[in-house]
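Quick note, the sequence shown lines up with residues 1 to 598 if you use full-length UniProt numbering. Beta carbons: idealized from backbone N, C-alpha and C, even for Gly. Computed from a prediction, not measured in an experiment: that's the story for all the values here.
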Amino acid sequence: MDHINRPEKAGKVSRRVFYLSMQALLNAVLVGMVAKALVLLISLITNLSFYGELSFEERGPAGHHLGWVVILVPVIGSLIVGVMARFGSKAIRGHGIPEAMENIILNESRIPPVITILKPLSAAISIGTGGPFGAEGPIIATGGAMGSFTGQVIHISSAERKVLLAAGACAGMSAIFGSPLAAILLAIELLLFEFSPRSVIPVALSCIAGAGMHLLLFGNDPVFAMPPIPVVSDMALVTYVLMGAAIGVVAALVSRSVYWVEDMFEHLPIHWMWWPAIGAVAVGVIGYFAPHTMGVGYDNIKTLLTGEVTLTLMLSLCVLKYLSWVISLGSGTSGGTLAPLFTIGGAFGALMGVVVLQLFPGSGINLATAALIGMAAMFAGASRALLTAIVFALETTGQPHGLLPLIGACTTAYFVSFFLMKGSIMTEKIRRRGVHAPEEYIPDVMQQINAAMVVVQPEMMVKDTFTAAQVNILLDNHAYYQQHLLVTDADGRFAGYLDRQQLLVADENTMIAQLVSRTAPFLLPGDDINMVAQMLEKYQLSVLAVIEDNRLKGMVTAAAIMHTYSEKQLASARYHSAFFGNTRLLRLMARGKRLLVR
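Structure representation (structure tokens):
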């Protein structure tokens with residue numbers, strides 16, 4: 001009998017987790033270097049495009065003196081990106097995270113290696129020539145591609161390759177923003193679709209290494225440093241929560257508009273290679289009138305978080321930045337969503353703060369906190385990454401007093417967006433292709449059921465001393481529908497399985513002991529149903545014997561598994577009410593009501 005080579009339980013920590021962690025750490029160091037190189041390359045292209053200087057100095061396009069010629073700069077950059085996508089790889093188009101999710105779900109986490117080079121290069125050209133995106137989206141996509149590539153080179157499973165992809169992607173986010181905990185949560189909420197030691201340990205180590213590279217290459221100041229914000233009052237907290245609900249509505253509308261623009265471009269009668277250039281015309285025209293809408297825009301977020309922003313700049317970053325970004329992203333250029341969502345959300349939050357202070361001066365809110373919760377709530381509502389949004393805002397600003405407003409606003413924005421959108425800005429693209437990303441993390445019912453809970457007694461027992469003729473007579477007199485029969489020896493010990501097909505060709509006087517398979521897998525009562533299902537598939541059996549203390553306890557069938565599984569699912573969804581289910585309590589309440597009426 002065979003009880004060896006049993007399937008390994010999902011999520012089990014083993015030596016392979018150590019090897020994965022070492023590879024994830026190495027990848028994270030490389031991703032950190034790529035992140036720094038990408039930022040330098042964006043700065044170089046920005047200086048060349050808008051100032052005609054060969055310099056790596058960090059500055060945005062807003063200070064240019066090109067006049068109307070500035071309209072042509074994004075168009076030229078987008079033409080180059082379109083050619084790269086057409087003749088290099090179409091996968092460089094888009095946001096980055098949705099494409100990574102699609103590869104995880106449909107392609108066993110395999111991303112073409114060429115993306116490792118083309119994605120950061122195309123993004124640097126797009127952003128450096130005025131594209132209204134941040135550097136984090138492309139580096140997340142690049143980190144994921146590096147993780148996937150190493151996972152394709154070394155001998156690992158698709159589940160382990162998914163871990164390396166997520167670890168590389170989130171190491172990129174951690175390297176850009178110095179936010180390791182938010183990066184870990186991003187992996188859990190958007191990429192891993194699981195929470196287990198096997199996946200979290202390599203991802204966490206990778207994000208820590210990414211944060212270390214941020215300290216080494218970018219410095220130790222918060223990315224979005226802001227003045228200290230006051231402790232929130234009860235009235236201010238209520239106001240921030242209500243503002244979060246309004247931001248949730250806007251987040252849903254923003255997400256829908258991205259895909260509406262994409263649909264409009266799909267109807268154009270020209271090749272998609274030219275779409276980014278058409279979208280770039282809008283970027284250039286808007287940038288001519290509002291230069292702050294072009295480029296990475298991290299400085300805009302820092303300005304909003306000071307709370308000292310002109311109304312004109314707020315409107316520009318809220319409305320014009322949105323128009324520039326949604327048209328450019330919808331055209332299919334190489335870009336991202338995080339920084340634009342933070343900018344648009346921060347500006348919208350600050351605008352709401354101005355309105356609230358005008359109408360309700362005693363609300364106790366301040367504009368810096370309003371911009372902070374706007375930034376995070378917009379991301380939470382659009383991406384459905386609630387915990388990532390909250391923790392990201394805390395890590396990148398270093399403002400502990402912002403925790404309560406952030407939790408309240410982000411939760412209400414997250415709540416409202418569920419009623420207004422089926423998917424999120426991250427999942428809508430793949431949802432339209434018929435791919436549904438997991439939206440919730442619930443305990444695996446299959447792990448809560450073991451073999452002892454689904455074991456049934458066989459309708460008939462066969463001994464190895466029987467003949468084929470005797471077994472056929474038993475089958476004629478019993479309603480037994482399984483393909484395989486359990487066989488025991490004279491002492492009642494499990495001997496193996498008999499395939500009914502063998503009875504059709506065997507001689508009537510053939511002993512069952514000659515037909516039974518001696519390589520007989522079996523179960524222990526504590527084996528969970530995931531293992532049972534895997535063994536049924538592995539050995540192509542219709543039943544599996546359950547052995548306890550060397551004695552046959554019964555058998556497990558697929559039908560028994562499905563029956564118990566359905567019962568568990570129905571029980572978890574069944575509503576229980578102590579109030580309405582207690583008939584004695586109801587009678588007492590009815591009697592009391594009659595006494596009151598008298």
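- Counting the other Cβ atoms within 10 Å of the Cβ of Ile154 gives fewer than 16, which makes it exposed.
- When secondary structure is reduced to three states using DSSP, Arg431 falls in the helix class.
- By the Cβ-count criterion, Thr312 is exposed, with fewer than 16 other Cβ atoms from all chains shown falling within 10 Å of its own Cβ.
- By alpha-carbon distance to Leu25, the top candidate from Pro138, Leu164, Pro400, Ile80 is Leu164.
- Taking Leu386 as the centre and dropping the five residues before and after it, the same chain places the C-beta of Ala380, Cys410, Thr411, Tyr414 closer than 7 Å to its C-beta, in chain order.
- The continuous alpha helix (DSSP H) containing Ile125 extends over residues 115-128.
- DSSP assignment within the stretch 447-524 yields the following whole beta strand (DSSP E) runs of 3 residues or more, N-terminal first: 484-488, 494-499.
- Between Ile127 and Met173, the CB-CB gap reaches or exceeds 9 Å.
- The C-alpha of Leu181 is placed about 8 Å away from the C-alpha of Ala204.
- Following the DSSP letters along the chain, one finds Met213 inside the alpha helix (DSSP H) bounded by residues 197-217.
- Going by DSSP, Val241 is part of the alpha helix (DSSP H) stretching over 234-266.
- For the pair Ser517 and Glu537, the Cα-to-Cα distance works out to about 17 Å.
- Gly297 sits close to Pro132, with the two beta carbons spaced by under 9 Å.
- Shown here, Lys36 sits in a helix according to DSSP, grouped into three states.
- Taken through DSSP and simplified to helix, strand or coil, Gly381 comes out as helix.
- Between Leu367 and Gly307, the C-beta spacing is below 9 Å.
- Nearest C-alpha to Gly248 among Ala277, Ile229, Gly143, Ser417: Ser417.
- DSSP, reduced to helix, strand and coil, places Glu548 within a strand of the structure shown.
- By the Cβ test, the stretch 280-292 is in contact with the stretch 68-87, since at least three Cβ pairs between them sit closer than 8 Å.
- Proximity to Pro228 across Gly402, Met511, Val456 peaks at Gly402, based on C-alpha coordinates.
- For a cut-off of 8 Å, the C-beta gap from Gly336 to Glu136 is around 6 Å, short enough to register as a contact.
- Taking all protein chains in view, the Cβ of Ile270 is surrounded by fewer than 16 other Cβ atoms within 10 Å, so the residue is classified as exposed.
- In the displayed model, Val283 falls within a helix according to three-state DSSP.
- Between Leu341 and Met294, the C-beta gap is not smaller than 9 Å, which leaves the two residues out of contact.
- Sequence-distant Cβ neighbours of Ala123 in its own chain, meaning closer than 6 Å and more than five residues away, are Pro138, Ser334.
- If you look at Cys170, you'll find it in the alpha helix (DSSP H) that goes 158-177.
- Beyond the five residues adjoining it in sequence on each side, Leu215 comes within less than 8 Å, by CB distance, of Gly178 in the same chain, given in chain order.
- Apart from sequence neighbours up to five positions away, the residues of its chain that approach Lys302 with a beta-carbon distance below 8 Å are Phe224, Ala225, Met226, ordered along the chain.
- Leu118 and Met84 do touch by the CB rule: their CB atoms are close to 6 Å apart, below 8 Å.
- DSSP, read as helix, strand or coil, puts Met555 in strand.
- With fewer than three CB-CB distances shorter than 8 Å, the stretch 56-70 does not count as touching the stretch 85-94.
- Secondary-structure assignment with DSSP links Asp528 through a beta bridge to Asn450.
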